[in-house]
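2 protein chains.
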Amino acid sequence: MTWRPPTVGIVGAGQLARMTIQAAIPLDVRIVLLAADVDDSAAQIAPRVIVGSPDDRETLKDLAQRSDVITFDHELVNPASLAWLEAAGHQVWPSPSTMALAQDKRRQRRELGDAGFPMPSYANIDCLDALLAFGEGYDWRVVVKASSGGYDGRGVWMVDSPAEAEAVWRGAKSSGTVLLAEERLPLDLEFAILLARTPGGEIAVYPPVETVQRDGICHELRVPARIDADLGMEATRIARKIAEQIGMVGILGIEFFVSRGELYLNELAPRPHNSGHWTIDGAVTSQFEQHLRAVLDLPLGSPEQTGQAIVTLNLLGRGTADDPRFRLAEGLAAGDAHVHFYGKKARAGRKIGHVTAIDNSIEAASVRVWAVRNALFDVSGL
Amino acid sequence: MTWRPPTVGIVGAGQLARMTIQAAIPLDVRIVLLAADVDDSAAQIAPRVIVGSPDDRETLKDLAQRSDVITFDHELVNPASLAWLEAAGHQVWPSPSTMALAQDKRRQRRELGDAGFPMPSYANIDCLDALLAFGEGYDWRVVVKASSGGYDGRGVWMVDSPAEAEAVWRGAKSSGTVLLAEERLPLDLEFAILLARTPGGEIAVYPPVETVQRDGICHELRVPARIDADLGMEATRIARKIAEQIGMVGILGIEFFVSRGELYLNELAPRPHNSGHWTIDGAVTSQFEQHLRAVLDLPLGSPEQTGQAIVTLNLLGRGTADDPRFRLAEGLAAGDAHVHFYGKKARAGRKIGHVTAIDNSIEAASVRVWAVRNALFDVSGL
Chain A
9 MTWRPPTVGI VGAGQLARMT IQAAIPLDVR IVLLAADVDD SAAQIAPRVI VGSPDDRETL
69 KDLAQRSDVI TFDHELVNPA SLAWLEAAGH QVWPSPSTMA LAQDKRRQRR ELGDAGFPMP
129 SYANIDCLDA LLAFGEGYDW RVVVKASSGG YDGRGVWMVD SPAEAEAVWR GAKSSGTVLL
189 AEERLPLDLE FAILLARTPG GEIAVYPPVE TVQRDGICHE LRVPARIDAD LGMEATRIAR
249 KIAEQIGMVG ILGIEFFVSR GELYLNELAP RPHNSGHWTI DGAVTSQFEQ HLRAVLDLPL
309 GSPEQTGQAI VTLNLLGRGT ADDPRFRLAE GLAAGDAHVH FYGKKARAGR KIGHVTAIDN
369 SIEAASVRVW AVRNALFDVS GL
Chain B
9 MTWRPPTVGI VGAGQLARMT IQAAIPLDVR IVLLAADVDD SAAQIAPRVI VGSPDDRETL
69 KDLAQRSDVI TFDHELVNPA SLAWLEAAGH QVWPSPSTMA LAQDKRRQRR ELGDAGFPMP
129 SYANIDCLDA LLAFGEGYDW RVVVKASSGG YDGRGVWMVD SPAEAEAVWR GAKSSGTVLL
189 AEERLPLDLE FAILLARTPG GEIAVYPPVE TVQRDGICHE LRVPARIDAD LGMEATRIAR
249 KIAEQIGMVG ILGIEFFVSR GELYLNELAP RPHNSGHWTI DGAVTSQFEQ HLRAVLDLPL
309 GSPEQTGQAI VTLNLLGRGT ADDPRFRLAE GLAAGDAHVH FYGKKARAGR KIGHVTAIDN
369 SIEAASVRVW AVRNALFDVS GL
């Protein structure tokens, strides 16, 4: 019997796919990408690329026929098309129904709320009056979200007044965006639980990671998270239950708030997650290898951290004229840290890479990643 | 100014090139391979491959024109061709003269011996009588080597009698192989020093790694090596001096013997080295990233080990019918270890992958890698 490497088809070719390709090499797993453009982050380094759109069923079918299992770099895929692929006998992980739930924040809130998980108060917003009433009820400390399609701060609006509410409502109405509103909680901190689950139900949970947000974009990751052990255990318990409830297969990232010492569920992402980038250099098994193992129904690896304190800093673009790749030598000279570039142009605010350092304390690791990041951009401070 | 990723051309497309490609991804460094075959280990996962032979100068020139610097997966390249490339203005690291030295064991012994480094006794063998006299002089405890072209036990003969000497001599004569003979020392153990050196002379030295050989093939790596600290420091000092003497740029692996408590220089390899595979999972900076940094004249990373004890076991083929890739699930279930497959058919005795485990002791890590390896091959013991 001749060996044929298992092939994983990935819808999307961003940095998550790029880092998955890296993890696939030692396992002798092949990756086929469905990229929007030959120059996409992952497509630059991949020998097997289909250029096209997942909106086109023939393109999806082409990907499926070249793959043993299909998985995702992003959530922007029509669940009906995925169900159609599954019905044609192709393996799709996470399942089309899990993907559908992930794309629909209203349904997420309803189903997870019904199951009794702790969440901020929320309301579906189908008319301006509903939004005005919700805002009034929460003293205009509310956040309005697009029910689908948002990421990295897009599709999220902090709304502090009736005037702002009206502006958001009109914008959403003109673009056909479906909204929900949530109570904006006073935050002690935010953290995430990342886990992997196999088709057979094996689960491996990574230690909680503190996520420092800025302008709606995750900016810095810290392991260990500065939360009570009890709270971490409770979040882990909730994450496991959600993974089972939604039939997750692959990496699931679940974001939590801590507000006045209490735990609240924020959002979930059924794929390798920005909050897991620390695992590449700081855990026994990286989230990307773990995702491949899960979707290929292989035993999971240890999710343990390998160092005492791990800090990952996202590199956010400051404009294409200020591309940190020109300053790699300066960055590497500034301290020992793992620099990861995504092969993306340095447009302002765009995630173009990350830097991870491991040390004896969060403070020491943080000093190191900031030194490297500042050298990469030739700036000091933030 | 638009970013253009630096491109490294690699002559050869074996597992060293494959693992270098993996290390190149986060640095946004492009790799172009010169492969003998599209199905070579590294070519399977590379988007940029030239298929051809480095014996053909036009092919080498093609590689050079697509690369900012040329480096190597193996030593089987004509140094004159490399000098020709260099004269045409192409950057070649290690330099053609370093590559020439690495290919000529006679010259290595002479130049390093002249420099006063401790070595086993040796003699160039240009006639059968010279070999018989050498064998007599060392009580027929001798090893005969091809001066160039040998690797993984090929081109090395243990010679215990005049009859064996004559057989080796006749075989070498008929194939035109140039020989040298060395005293076969009683070995306490073998270890290697791996270092990286940049064009500007920055050097980073990895901790000594114990190399357990079997049938002339490196079988198991152990860090820390069980050698006296003094001996390790002396070997490190020697390794640094050699790197400077030969003008090394890139990773240099230097093998040492310990015989009756004394240190002896064995061989050197001017490239990422089997004895450095533990660094992928067990050092702050892997030898492959370090090699890229060196040949691109970037600052080097820390060579420190990240765990207390690290053991790497080479996976040696047991016949193509017994391909461990079929048993990946069993291997991963057998214990937490990093499995690395090279995408190679499992021919008997061939290096087809390696497994690394990190633990609190060499014993614990060793138990783990052997458990995984035995599960991958469905055997017990050796």
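Order-wise, the sequence lines are chains A and B.
Here this note's numbering is used: position 81 in the first sequence is 89, and no number is missing along the way.
Here this note's numbering is used: position 313 in the second sequence is 321, and no number is missing along the way.
For each residue, glycine too, the CB sits at the ideal point set by N, CA and C.
When the Cα atoms are used, what is the spatial distance from Gly-175(B) to Leu-195(B)? The sequence shown places Ala at residue 175(B), rather than the Gly named in the question. So the two alpha carbons sit approximately 26 Å from each other.
Q. Listing by chain order, which chain A residues have their CB less than 9 Å from the CB of Ile-78(B)?
A. Taking a Cβ-Cβ threshold of 9 Å, none of the residues of chain A is close to Ile-78(B); the smallest such distance is about 20 Å.
Taking 7 Å as the limit between beta carbons, can you name the residues of its chain near Thr-15(B), skipping five residues before and five after? Excluding positions up to five away in sequence, the list reads Arg-38, Val-40, Arg-74, Ser-75 and Asp-76.
#### Entry: Asp-7(B) (DSSP reduced to helix, strand or coil)
This structure gives no information on residue 7(B), because the portion of chain B shown stretches from 9 to 390.
Next on the checklist: On the DSSP letters alone, give me the boundaries of the alpha helix (DSSP H) that Glu-144(B) sits inside.
Outcome noted: Per DSSP, Glu-144(B) belongs to the alpha helix (DSSP H) from 136 to 145.
(Q) Just checking Asn-274(B) against the ligand NAD - is the residue's beta carbon closer than 7 Å to any of the ligand's heavy atoms? (A) This structure does not include the ligand NAD; it has no bound ligands of any sort.
Next on the checklist: For Ala-21(A), count the other beta carbons within 10 Å of its own beta carbon; 16 or more makes it buried, fewer makes it exposed. Which is it?
Outcome noted: Buried.
What does the alpha-carbon distance come out to for the pair Ser-267(B) and Leu-193(B)?
In this model, Ser-267(B) and Leu-193(B) are separated by some 6 Å (Cα to Cα).
Is the CB of Gln-30(B) under 8 Å away from at least one CB in chain A? Judged by the 8 Å Cβ criterion, Gln-30(B) is in contact with chain A.
**Report entry** Residues of its chain near Gln-313(A), where Cβ-Cβ distance is below 6 Å and the 5 sequence neighbours each way are ignored
**Finding:** Once the five neighbours on either side are set aside, the close Cβ partners of Gln-313(A) are Pro-215, Val-231, Gly-290 and Ala-291.
Whole angstroms are fine: how far does the CA of Asn-382(B) sit from the CA of Cys-388(B)?
The sequence given here places Ser at residue 388(B); Cys does not occur at that position. A straight line joining the alpha-carbon of Ser-388(B) with that of Asn-382(B) spans about 6 Å.
Asp-367(A) bridges to which residues according to DSSP? In the DSSP assignment, the residues bridged to Asp-367(A) are Ala-317(A).
Check: If you measure from the beta carbon of Ile-259(B) to each beta carbon in chain A, is any gap under 8 Å?
Finding: No - not a single Cβ of chain A is within 8 Å of the one on Ile-259(B).
Within 8 Å (strictly less), CB to CB, does Trp-286(A) reach chain E? Of the chains in the structure shown, none is chain E; the protein chains are A and B.
Please name the residues in the stretch 201 to 219 of chain A whose beta-carbon is closer than 8 Å to at least one beta-carbon of chain B, in chain order.
-> Here the close residues number zero.
Using beta-carbon positions only, say whether Ile-262(A) and Leu-271(A) come within less than 8 Å of one another. In this structure, Ile-262(A) sits away from Leu-271(A), with a CB-CB distance that is not shorter than 8 Å.
| message | Extract the residue ranges of the beta strand (DSSP E) inside the stretch 87 to 134 of chain B, only unbroken runs of 3 or more that lie entirely within it. | response | Counting only runs of at least 3 residues, the stretch 87 to 134 of chain B fully encloses the following beta strand (DSSP E) elements, listed from N- to C-terminal order: 130 to 133.
field: Contact set between Ile-53(B) and chain A, taken where Cβ atoms lie within less than 7 Å
entry: Ile-33 and Pro-55, listed in chain order.
From Tyr-130(B) to Leu-188(B), what distance separates their C-alpha atoms? Put simply, the backbone Cα of Tyr-130(B) is about 7 Å away from that of Leu-188(B).
Practice prompt. Return the first residue and the last residue of the beta strand (DSSP E) that Gln-221(B) is part of.
Written response: Its beta strand (DSSP E) spans residues 217 to 222.
Assuming Val-176(B) is part of the alpha helix (DSSP H), what are its boundary residues? Segment 170 to 183, the alpha helix (DSSP H) holding Val-176(B).
Practice prompt. For Arg-149(A), I'd like the list of residues in its chain whose CB is within less than 6 Å of its CB, leaving aside the five on either flank, ordered along the chain.
Written response: Only Arg-192 meet the Cβ criterion.
Identity of the residue in Ser-169(B), Gly-60(B) and Lys-181(B) nearest Tyr-146(B) by Cα:
Of Ser-169(B), Gly-60(B) and Lys-181(B), the residue nearest in Cα terms is Ser-169(B).
Q. Since Pro-307(B) meets chain A, which of its residues come closer than 7 Å, beta carbon to beta carbon?
A. Within chain A, the residues whose beta carbon sits less than 7 Å from that of Pro-307(B) are Ala-337, Leu-340 and Ala-341, listed in sequence order.
Report task. Indicate whether at least one CB of chain A lies closer than 8 Å to the CB of Val-292(B). Result -> Closer than 8 Å: yes.
**Request:** Check Lys-153(A) in the structure and name its three-state DSSP category.
**Result:** Note: Lys-153(A) maps to strand in three-state DSSP.
Do you know how far the Cα of Ser-49(B) is from the Cα of Gly-351(B)? So the two alpha carbons sit approximately 5 Å from each other.
*Grab the span of the beta strand (DSSP E) containing Thr-15(A) for me, first residue to last.*
Segment 15 to 19, the beta strand (DSSP E) holding Thr-15(A).
request  = Determine the direct distance from the alpha carbon of Asp-238(B) to that of Trp-11(B), and round the result to whole angstroms.
outcome  = So the alpha carbons of these two residues sit roughly 47 Å apart.
Requested in this report: Have a look at Glu-144(A) and Asp-134(A) and give me their C-alpha separation to the nearest angstrom.
Outcome: The C-alpha of Asp-134(A) is placed about 16 Å away from the C-alpha of Glu-144(A).
> Can you list the residues of chain A that Arg-26(B) reaches, using a CB-CB cut of under 8 Å?
Replying inline: Within chain A, the residues near Arg-26(B) are Ile-33.
Cα-Cα separation between Leu-308(B) and Arg-376(B), rounded to whole angstroms:
Looking at the two C-alpha atoms, the distance is approximately 31 Å.
* Between Asp-45(A) and Val-59(A), is the Cβ-Cβ spacing less than 8 Å? -> Contact flag set, yes.
According to DSSP, is Met-27(B) helix, strand or coil?
Correct three-state label for Met-27(B): helix.
At a Cβ cut of 7 Å, what residues of the stretch 348 to 364 of chain A count as close to chain B, listed as they run along the chain?
Those would be His-348, Phe-349 and Gly-351, in chain order.
Checking contacts by CB at 8 Å: is Thr-314(A) closer than that to chain B? For Thr-314(A), the nearest CB of chain B lies under 8 Å from its own CB, placing it at the interface with that chain.
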